[in-house]
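Please read the structure below before turning to the comments.
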Amino acid sequence: MKLLLAAALLLAANVHAATLTLELKGLTQKSGHVFIAVHSSAASFNGKGEPAAVRRVEVTDTKLTITLPDLAPGDYAVSLFHDANGNNKLDTNLIGIPKEGYAFSNNVGARGRPAFDEAKFTLGADGTTLTLNVF
Amino acid sequence: MDRRTLLQGMGAALLAGCTSGLRPAAAPSRAPDWALGWRSLTTDALAPVEARVQGRFPDALHGTLYRNGPGRMERAGQRVSHWFNGDGMVQAFGVSPRGVTHHGRFVSTFKYQHEERLGHYALGTAELPARGNDAHNTANTSVLMVGGELLALWEAGSAYRLDPETLETRGTKDWSPELTGVPFSAHPLPERDGSYWNFGLAPYADEHGLMVLYHFSADGRLLQSSHLPMPFPGYAHAFAQTERHLVVVLAPLLWEQERGVTWFDAEAWQPSLGTTVLVVEKADLTRVVRRELPAGFAFHFGHAWEDGDRLRAYACWYEDAHFMHLTLDQNVQGRVKGLQPALLAQLEIPLGAGQGRVTRSPHGAEFPVVDPRVPSRRGSAHFVTLETADPKLPHSGAIARIDVERGKVQHFDYGPGIIAEEHLFVPGGPREGQGWLLGTSLDCVRGQTRLAAFDAEHLDDGPVALATLPRALPLGFHGTFRKG
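The listed protein sequences derive, respectively, from chains A and B.
The first sequence begins at 1 in the numbering used here and counts up one residue at a time.
The second sequence begins at 136 in the numbering used here and counts up one residue at a time.
Shown next as structure tokens:
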């Protein structure tokens, strides 16, 4: 039943499918994976709801292009981190500052976690390509 | 031979234009260019030059005075948002029997290196993405000799290690893998055994911020560290110590990540919270008690000691945090109407229950320096830059010795158009406060920085030696003196 529902949702999404393309720059290590989450709400962005899409992509170069098809056009914010050492989390230091790479849409967040509205962009029906600098 | 005879014996030329001791000749009539103090230097290094010396620097001062401060506040027409964000430049004044020399060099931080290359401010943009506190580190606040290296100190990240001779940058001081890039204040305090204490504040960490404590040896090894939750994400620039306690006075200047408010935003000042004192036991850095003071703000502290059931500490006490919210133009304008200087004040902090008290002296004072031979004990002499009461003077060229126990004040005024900077105390004799004062001043009329030495017990007599550089340096903050 669950599978059926998921399939139905996917089909429904496909009706308005748009593709989000992320071009990542500035990865410092060619190892591990990037963990990407695409959020359609502030709640999800702040970890209190399900993201619209998630991906885990192997890092083999300092640049990486990722496509996320089948998203409904609308407003989103992307957050990602580079788990370079393969422990499935973003390592931080004593005071909570990331020791591994991270990025947000609109390239905000150099001095700390941004708000959803700062990272928000509109995914058009014809798709959108974002260039993200990994801090 | 009395002092006057001695000076006369040194030759009339020495005393030209002087009424009492050494003093620059009467100022030309043109107006001071106060902006010299906040001017940007645009070369990596200032090559060594000889100063013109009047008088004689005592043997005890043969060595090097290192000073640190923002040397660059502007790139490609853009200015930093606050004086405290300028790139750190370290100045070295070498004093020897042959004379006085000066050279300086920017600390080659990550930020400085890359923005030099790009020619404009770019940190945090797509051009210069960067992660962690040290990406923003300007290493611009103070200096300290540790383990044969000169540390250029900041407060929101690591210290940078410099070659004490060439001032070339060697890298960051990483105390341990866990503490790499973690805030380390510019005001470590020396313990009697020669080791040092320090603290760092990370107001954005955990729920209400974290305070990190460091204990390290003079040869640069971490002895112990600890981190404690802050009661609110407030601000402290320096701290005080008594025999058994570290005393962090946390001003109600709140860093609120979620609202996008940092210490440099005016809305960060929330005096209704009052000022909180965190009293940490040196014997166990996890033991801390919290005490309250009326709202106020201090960058710097003087003598502090245990007095039975309470602690007492001197501080340069502001009624608010306005200094954190000045623009560079306001810094240049100086003491504009309504901005009150800090007053030297005694803080009384009960170890048991009860409110603390602040007792203000009438003396406007900053950059307090005390005799390092009486750490954590009751001392009297505070050497300060003095804010005079004349509201027409935007900046003060006066320094003072304020003996708080005896209520005695001695002062020396460099004269109009001159800004006095921190003057360090160098011991020379058995009494507390017996020795020499060594400090710099910026003559904004002639465009010259000077280095002066005073008998620390006779400031009224004026300097015993005065070295004038053929250059003007932007104002700095703090320094350290290395003998030899």
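All C-beta atoms in this analysis are idealised placements derived from N, C-alpha and C, irrespective of residue type, glycine included.
Any C-beta of chain B sitting closer than 8 Å to the C-beta of A:Ile95? It does; some Cβ of chain B falls within 8 Å.
Using the three-state DSSP reduction, which class does B:Gln465 fall into: helix, strand or coil? In the structure shown, B:Gln465 sits in a helix (DSSP, three-state: H, G or I).
Around the Cβ of B:Lys543, are there at least 16 other Cβ atoms within 10 angstroms (buried) or fewer (exposed)? So B:Lys543 ends up on the exposed side.
Coarse secondary structure for B:Trp173, derived from DSSP in three states: Assignment of B:Trp173 by DSSP, reduced to helix, strand and coil, places it in the helix class.
Cβ contact check for the segment 59–71 of chain A and the segment 26–37 of chain A: 3 or more pairs under 8 Å: Under the 8 Å Cβ criterion, the segment 59–71 of chain A counts as touching the segment 26–37 of chain A, having at least three qualifying pairs.
By the DSSP assignment, the alpha helix (DSSP H) with B:Glu251 in it spans what residues? Boundaries of the alpha helix (DSSP H) harbouring B:Glu251: 245–253, taken from the DSSP string.
Partner residues on chain B for A:Val59, Cβ-Cβ distance less than 8 Å: Within chain B, no residue comes near A:Val59; the closest Cβ sits about 16 Å away, beyond 8 Å.
Rounded distance between the beta-carbons of B:Gly254 and B:Arg628, thought under 8 Å: This structure cannot settle anything about residue 628 of chain B, because the visible part of chain B is limited to 136 through 619.
Is DSSP giving B:Asp194 helix, strand or coil here? B:Asp194: helix per DSSP, three-state reduction.
Nearest-angstrom Cβ-Cβ length linking B:Asp620 and B:Thr307, presumed shorter than 8 Å: There is no way to answer for residue 620 of chain B, as the model of chain B reaches only from 136 to 619.
Would you kindly check if the distance between the Cβ of B:Gly221 and the Cβ of B:Arg206 is under 8 Å? According to the sequence shown, residue 206 of chain B is Gly rather than Arg. Yes, they are a contact pair.
With 16 as the cutoff for other CB atoms within 10 Å, does B:Gln248 come out buried or exposed? B:Gln248 is classed as exposed because its beta carbon has fewer than 16 other beta carbons within 10 Å across all chains shown.
Alpha-carbon to alpha-carbon, B:Leu463 and B:Ser496: Approximately 29 Å between the Cα atoms of the pair.
How about A:Gly101 and B:Arg266: are their beta carbons less than 8 Å apart? Yes; because the gap between Cβ atoms is below 8 Å, this pair is in contact.
Under the three-state DSSP convention, the category A:Ser105 falls into: Three-state DSSP puts A:Ser105 in a helix.
On the DSSP bridge list, what partners appear for B:Ser576? Its beta-bridge partners are B:Ala555, B:Arg585.
Starting from the Cα of B:Thr177, find the closest Cα among B:Arg541, B:Glu251, B:Phe616 and give me that residue. Comparing Cα-Cα distances from B:Thr177 to each of B:Arg541, B:Glu251, B:Phe616, the minimum goes to B:Glu251.
Report the residues of the segment 253–274 of chain B with a CB closer than 7 Å to any CB of chain A, ordered along the chain. So the close ones are Gly259, Ala261, Pro264, Ala265, Arg266, Gly267, Asn268.
By alpha-carbon positions, which one of B:His343, B:Phe351, B:Leu324 ends up nearest to B:Asp309? Looking at the Cα atoms, B:Phe351 is the closest of the given residues.
Check whether the Cβ of A:Val134 lies closer than 8 Å to any Cβ atom in chain B. Taking 8 Å as the CB threshold, A:Val134 lines the interface with chain B.
Just to make sure I have the definition right: I need the residues of chain B whose C-beta is within less than 7 Å of the C-beta of A:Gly127. Which are they? Around A:Gly127, no beta-carbon contact reaches into chain B at under 7 Å, the shortest distance being about 21 Å.
Do B:Leu408 and B:Pro387 count as a contact pair if the criterion is CB distance below 8 Å? Taking 8 Å as the cut-off, the beta carbon of B:Pro387 is found closer than this to the beta carbon of B:Leu408.
Please list the residues of the segment 305–317 of chain B that have a C-beta atom closer than 8 Å to any C-beta atom in chain A, keeping them in chain order. Residues passing the 8 Å Cβ filter: Glu313, Leu314, Thr315, Gly316, Val317.
Give the secondary structure of B:Phe374 by DSSP, where H, G and I count as helix, E and B as strand, and everything else as coil. DSSP, reduced to helix, strand and coil, places B:Phe374 outside both helices and strands of the structure shown, so it counts as coil.
Could you tell me which of B:Asp341, B:Asp328, B:Trp169, B:Ser360 sits nearest to B:Phe319, measuring between CA atoms? Distance check between B:Phe319 and each of B:Asp341, B:Asp328, B:Trp169, B:Ser360 places B:Ser360 closest, using alpha-carbon atoms only.
Does B:Leu358 pass the burial test, meaning 16 or more other C-beta atoms within 10 Å, or should it be called exposed? It is exposed - the Cβ of B:Leu358 has fewer than 16 other Cβ atoms within 10 Å.
Round the Cβ separation of B:Arg296 and B:Glu284 to the nearest angstrom and send it over; I've been treating them as touching at under 8 Å. Confirmed, Cβ separation roughly 5 Å.
Tell me whether the beta-carbon of A:Ala110 lies closer than 8 Å to the beta-carbon of B:Gly259. A:Ala110 places its beta carbon less than 8 Å from that of B:Gly259.
Would you give the residue range spanned by the beta strand (DSSP E) that A:Phe45 belongs to? Note, A:Phe45: premise wrong, no beta strand (DSSP E); alpha helix (DSSP H) at 42–45.
Is DSSP giving B:Leu214 helix, strand or coil here? Strictly speaking, residue 214 of chain B in this sequence is Arg, with Leu absent from that position. Of the three classes helix, strand and coil, the one that applies to B:Arg214 here is strand, per DSSP.
Can you tell me whether DSSP reads B:Gln392 as helix, strand or coil? For B:Gln392, the secondary structure class from DSSP, reduced to helix, strand or coil, is helix.
Run down chain A in chain order and give the residues with a C-beta less than 8 Å from the C-beta of B:Gln392. Neighbours of B:Gln392 on chain A, chain order: Gly112, Arg113.
Look at the Cβ atom of B:Gly619, then the Cβ atom of B:Val278, and state whether they are nearer than 8 Å. Contact flag unset, no.
Unbroken beta strand (DSSP E) runs of length 3 or more, entirely within the segment 431–459 of chain B: which are they? Correct list: 432–442, 445–453.
is_contact[B:Val347, chain A] using C-beta, thresh 8 Å: For B:Val347, the closest Cβ of chain A is nearer than 8 Å.
Which residues in chain B have a C-beta closer than 7 Å to the C-beta of A:Gly26? List them in chain order. Under the 7 Å cutoff, chain B gives Pro264.
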